[in-house]
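Peer 1: Input: one structure, supplied below.
Numbering (full-length UniProt numbering), first residue to last: 1 to 147.
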């Protein structure tokens, strides 16, 4: 366990990259992110979730898809508006999966961490991720991705 703590401490101790990009006025884009969640967004999110593990809370995907998208909109909008996630939805289980079957699997860099959360939170995160993906990238990220 000490090796994992030391390795993660080393990774997170690295300095951040300087950002000299001027601040842009993106009020219109920010407003789009904060709009109420639509039933269509909920439908897209629940359709894109793979029907593997139910996640924590034992809600299975089939049961989630039976819930009215409008009810899920109310739940997700309340979470965002109140800036509060119920404790029962914050719980996640992290598992370590080996990246490869090579020597030196004692190092944390040889493992991939996967966190399993509630299927409700996975749906909300898919909606928010789709909204963020629609935003234009910061120019420094655009340069890195085109390299």
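Cβ coordinates follow ideal geometry from the N, Cα and C atoms, glycine included.
A quick note: this is a predicted structure, and the numbers were derived from the prediction, not measured.
#1: Measuring CA to CA, which of 44, 50, 9 and 88 is closest to residue 73?
#2: Does residue 34 pass the burial test, meaning 16 or more other C-beta atoms within 10 Å, or should it be called exposed?
#3: In or out: residue 120 buried (at least 16 other Cβ within 10 Å) or exposed?
#4: According to DSSP, what are the bridge partners of residue 114?
#5: With a 10 Å radius around its C-beta and 16 neighbouring C-beta atoms as the bar for buried, classify residue 4 as buried or exposed.
#6: Is the beta carbon of residue 130 closer than 8 angstroms to that of residue 49?
#7: Just to confirm before moving on: does the CB-CB distance between residue 128 and residue 92 stay below 8 angstroms?
#8: Using the beta-carbon count (16 or more within 10 Å), is residue 46 buried or exposed?
Peer 2: Answer, in terms of the structure:
#1: Taking the Cα of residue 73 as reference, the smallest distance to any Cα among 44, 50, 9 and 88 is reached at 44.
#2: When all chains shown are included, residue 34 counts as exposed.
#3: Buried is the call here.
#4: According to DSSP, residue 114 bridges with 95.
#5: Residue 4 is exposed by the Cβ-count criterion.
#6: The answer is no: Cβ separation not under 8 angstroms.
#7: No; because the gap between Cβ atoms is not below 8 angstroms, this pair is not in contact.
#8: Residue 46 is buried by the Cβ-count criterion.
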